[in-house]
Amino acid sequence: MLLNSLNYIGVAVFAASGALVGVRKDLDLWGIVTVAALTGVGGGILRDVLLGSTPPAAVQNWVPVTITSVVALVVFFFHPAFTALRRTILILDAIGMGLFAATGASIAVAVHSSAFAAAVVGLLTAVGGGLLRDVLVREIPLLLQPSDLYAVPALIGSTIVAVGSTYTDIAEPVWLIVGAVSATGLRLAGLAAGWKLPPAPRRTRSA
Amino acid sequence: MLLNSLNYIGVAVFAASGALVGVRKDLDLWGIVTVAALTGVGGGILRDVLLGSTPPAAVQNWVPVTITSVVALVVFFFHPAFTALRRTILILDAIGMGLFAATGASIAVAVHSSAFAAAVVGLLTAVGGGLLRDVLVREIPLLLQPSDLYAVPALIGSTIVAVGSTYTDIAEPVWLIVGAVSATGLRLAGLAAGWKLPPAPRRTRSA
Amino acid sequence: MLLNSLNYIGVAVFAASGALVGVRKDLDLWGIVTVAALTGVGGGILRDVLLGSTPPAAVQNWVPVTITSVVALVVFFFHPAFTALRRTILILDAIGMGLFAATGASIAVAVHSSAFAAAVVGLLTAVGGGLLRDVLVREIPLLLQPSDLYAVPALIGSTIVAVGSTYTDIAEPVWLIVGAVSATGLRLAGLAAGWKLPPAPRRTRSA
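First to last, the protein sequences are chains A, B and C.
Counting in the working numbering, the first sequence runs from 93 upward without gaps.
Counting in the working numbering, the second sequence runs from 93 upward without gaps.
Counting in the working numbering, the third sequence runs from 93 upward without gaps.
Below, the structure written as structure tokens:
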């Protein structure tokens, strides 16, 4: 119940980010609906394929795609309001990332993955949708750009859920919330403080 | 039998479109064979991975890759004839799209997917190969461009097969043919009439 | 044992190539670690998903990602030494390709794939990581460029292992070594001799 609700909120938030990228790239209505769907459910489909849970939940169940389609339509008609709220989007995106890192790890633990595998699957769930979005519209994925911290908070969040659920007796929902809040909090703190990882040393780089 | 024949015709037609894109991008013989193979069987591999039917038919069985390789060789040596016939290619591509939408949905129903899942899988089978082709040669996927209707006819075709096979007693082959003809017909009608979906309203867009 | 060792050497070599590409693209530390990981284990994950062995070994087991992370850190801090040694990298990369073609085919045979399927899976294991690397950093994949022979030696190596292990009584390790050495040797010979496949005939190409 909690797991499902958190997951659907993440789907909606990521769909909004995908739809906005589609608007910026001048895609038509179908393109925007498609990018929103793939961004919103791409991470979850990757998670289910890696865990062997086929067909993936987002293919078997009509709810996630309905959510991403409604979100895409809202963005399509009202996007001027959204682009003016870019700051809000960054915050919502951080929330979605935290939710997917935590729920991805939790679902992996539920199908008896090792803690290591659950942490990796949580990370891939959190970054998979955005990666697919950026590859489709032909940008170097945000994930790889020398930008603000993104995947490190996701990995920390998924690791908390994976290790906590596997090695302690504390109830799953507690770890779910601690993991999601940690990932989102670190991401937002990093954005606010301008934390960055270093690029490779350049001294003798040529061509 | 009918299902297999329709599927192989779709593989051949999509392989031809992939090979022609490879020629235009100045790829060498192996590159052209590779793009033709991935375009021809990419949608089917995606379908089988999503349905958990591993190894995918196109990996397990030598027929599909043999078809794509022969098609690629023919295009490689005779492509001037093909590029002069770009109109013919668009028509063949529409036929392939309709065939994959219908066969993809039908195969999903055969492994007991829900009607919703079958419609989604049919759509992804129809568009998966072309998407892979465009990502590989670094173009914004045709699927996402503000161009003529492509995925909407595919979705209509796959939905007809999925809903018809699941909820009626009419024989599968009937739905297979109705679905494929509907998808291909709508695509061709859209090309002829210049139907397009609207881009997002631009009023206050900035940057 | 032999299979595992060969596989891990391949992971390390491919991770180094991915990390160097990340350095050249000015990615930050996390981006370099990510590209190294996806290049190193991408082919193996694709192999396991196609074979239905989920979760993939590289997700379930901490060794491969640890290898790619250590390699990425070494490249990050010492890359000027590596870029000066580009020739060495090409040789190491050829070794990795040969190892993955052979081990991929061998693992497919072990789960009872047909010889044809094993050859295809070996090829995809050998080229999958590099393909993912190039798509992520937005280059036309090396695999498709009119460049030196790359995938043909991989296919020859994987076919030797697949056919040999399936149809003869000679011990698997023999085929593993013959396949890997053949693929790597052909690739290096092709590099040394400048072997290339022909581009498509251009006579009447327009636009």
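Where is the CB? At the ideal position from N, CA and C, for every residue including glycine.
Just so you know, these numbers come straight off a predicted model, no measurement behind them.
Secondary structure of residue i, DSSP reduced to three states
i	result
C:Asp140	helix
B:Asp261	coil
B:Asp118	coil
B:Arg297	Residue placement at B:Arg297 is poorly supported in this model, since its pLDDT is 44, which falls under 50; the coordinates are not used for a value here.
B:Leu280	helix
C:Gly286	coil
A:Ser206	coil
C:Tyr242	coil
B:Val213	helix
A:Val105	helix
C:Val229	coil
C:Leu98	helix
Cβ of residue i within 8 Å of any chain D Cβ
i	result
C:Val255	Of the protein chains in this structure, namely A, B and C, none is chain D.
4 or more residues per run - each alpha helix (DSSP H) lying fully within the stretch 144-204 of chain A | Taking only runs of at least 4 residues, the alpha helix (DSSP H) segments lying wholly in the stretch 144-204 of chain A are 149-152, 154-176 and 178-202.
Please name the residues in the stretch 139-163 of chain B whose beta-carbon is closer than 8 Å to at least one beta-carbon of chain A, in chain order.
-> Taking 8 Å as the Cβ-Cβ cut-off against chain A, the residues of the stretch 139-163 of chain B that qualify are Val141, Leu142, Leu143 and Gly144.
Decide yes or no for the touch test of the stretch 144-154 of chain C against the stretch 149-167 of chain B: beta carbon pairs closer than 8 Å, at least 3 of them.
-> Result no; under three Cβ-Cβ pairs closer than 8 Å.
Using Cβ-Cβ distances below 7 Å, what residues of the stretch 195-212 of chain A are close to chain C?
-> Here the close residues are Ser205, Ser206, Phe208, Ala209 and Val212.
Answer yes if the stretch 125-139 of chain C comes into contact with the stretch 107-114 of chain C, meaning at least three C-beta pairs across the two stretches below 8 Å, and no otherwise.
-> Yes, the stretch 107-114 of chain C is in contact with the stretch 125-139 of chain C.
Check distances from the C-beta atoms of the stretch 117-129 of chain A to those of chain B and list, in chain order, the residues that come in under 8 Å.
-> If the cut-off is 8 Å between Cβ atoms, the stretch 117-129 of chain A has Lys117, Asp118, Leu119, Asp120, Leu121, Trp122, Gly123, Ile124, Thr126 and Val127 near chain B.
The stretch 187-199 of chain A touching the stretch 255-271 of chain A, judged by at least three CB pairs closer than 8 Å | Yes: the two stretches touch, three or more of their Cβ pairs being nearer than 8 Å.
Contact residues within the stretch 217-228 of chain C, judged by C-beta distance below 9 Å to chain A = Cβ contacts with chain A come from Val227 and Leu228.
Is the stretch 241-250 of chain A in contact with the stretch 271-280 of chain A, if contact means three or more CB pairs nearer than 8 Å?
-> With the cut-off at 8 Å, the stretch 241-250 of chain A and the stretch 271-280 of chain A touch.
Check whether the stretch 264-273 of chain A touches the stretch 186-194 of chain A, counting contact only when three or more Cβ pairs, one atom from each stretch, lie closer than 8 Å.
-> Under the Cβ criterion (8 Å, minimum of three pairs), the stretch 264-273 of chain A counts as touching the stretch 186-194 of chain A.
Given 8 Å, three or more beta-carbon pairs between the stretch 136-145 of chain C and the stretch 210-225 of chain C = Taking 8 Å as the limit for Cβ pairs, the verdict is that the stretch 210-225 of chain C does touch the stretch 136-145 of chain C.
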